[in-house]
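Chemist: One structure, pasted below without further comment.
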Amino acid sequence: MPPTKKKSIEKYVKKNVQEPTNSWVILLNEPQQPSDVKESESSGSLDIVTLRQPNTDKAAKFLFSSTDDSVQEILTFTEEKRSWLIDDTVKSNGQLHLSTPVDPIFLVLPYLQKRCTSEALPLEEMLQDKEFPETKRLLKLKSGGLRYLNTISDTVSNSFKFNEEKTLVWLKKKTEKVAQVIHERKIHVGRGSQISVSDSDRLRWAYAIIRQYLNQDIGAKLLKYLDIPEQVQNLKRKGLVLPKPDVKKAKLEYKKTRTAKK
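Residue numbers are given in our numbering: position 117 of the sequence shown equals residue 136, and the series is strictly consecutive.
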């Protein structure tokens, strides 16, 4: 009896291993729609645009809702030797993108501080940025988070003037709110195996999160205003001094709380 030929397994293997072009793997934090927005009106596409990141002053990706009532920053997490299997394709770029809601006032604050210290300007004039033309999209958020812009500025008719004292008061409230969420969600922010965590520890971490959306000048003034020990002063946007695993956990847990949005 002739030997039986082994069946080729090639016909069972899908050969389409081309990478999807210009594709991302993103976990979207779906924003809550205002009560006056119908479901049919909120089912449109989301827009990803490039804006100036307030802390780094460099380009960063942000996502606007279809109804232009909210904005989210897109954060990127990268690890070595990681890829994605998408349907019957392999995507060698294993980056993971997460979207996190951002209070648009954080994005407006650098323009307000830079251009409206000595005079009040209309929002349309304040947000002109030739390098990042999509900044004008923030104007559509007037009925959203930007309606609270007077909490950090003095208003003259439809114009705004930077008020440092108001800004620090507002930022302090934001920081304390984040610290409260860290406490309520029992997020570990101690060093190493440290068991007990003080209110000042939580405030340090809250400051580290808020600091990621502030320029160096305002960040330093907020640190002094909060009377936080100077060891936090060297916290960087992508390299906190505190333990790396805990930083990721705290960042992801905080993202879910949406407390960065008014």
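Ideal placement from N, C-alpha and C gives every residue a C-beta, glycine not left out.
Just the C-alpha distance for L65 and Q91, rounded to the nearest angstrom, thanks.
Modeler: Cα to Cα, L65 sits roughly 11 Å from Q91.
Chemist: Smallest Cα separation from K193: which of V216, Q235, R166, W224?
Modeler: For K193, the nearest C-alpha among the options comes from W224.
Chemist: Are at least three pairs of beta-carbons, each pair with one atom in the segment 224-239 and one in the segment 184-193, less than 8 Å apart?
Modeler: As far as the Cβ criterion goes, the segment 224-239 touches the segment 184-193, which means the pair count is three or higher.
Chemist: Grab me the residues of P129's own chain with a C-beta within less than 8 Å of its C-beta, minus the 5 sequence neighbours each way, in chain order.
Modeler: R71, P73, D76, N234.
Chemist: Can you say whether R156 is buried or exposed, counting buried as having 16 or more other CB atoms within 10 angstroms of its CB?
Modeler: By the neighbour-count rule (16 or more Cβ atoms within 10 Å), R156 is buried.
Chemist: At the level of alpha carbons, what is the spacing between T186 and E144?
Modeler: Looking at the two C-alpha atoms, the distance is approximately 20 Å.
Chemist: Which class does H116 belong to by DSSP, given the choice of helix, strand or coil?
Modeler: In this structure, H116 counts as strand in the three-state DSSP scheme.
Chemist: In chain order, what residues of the same chain lie with their CB nearer than 6 Å to the CB of K159, ignoring the 5 residues before and after it?
Modeler: For K159, where only same-chain residues beyond five positions count, the Cβ hits under 6 Å are D87.
Chemist: For the beta strand (DSSP E) holding Q91, just list the boundary residues, first then last.
Modeler: First-last of the beta strand (DSSP E) with Q91: 90-96.
Chemist: Buried or exposed: P152, going by 16 or more other Cβ atoms within 10 Å of its Cβ?
Modeler: Under this definition P152 is an exposed residue.
Chemist: Ignore the nearest five residues each way along the sequence and tell me which others in A78's own chain have a CB closer than 8 Å to its CB.
Modeler: For A78, where only same-chain residues beyond five positions count, the Cβ hits under 8 Å are T69, L70, R71, Q72, F151.
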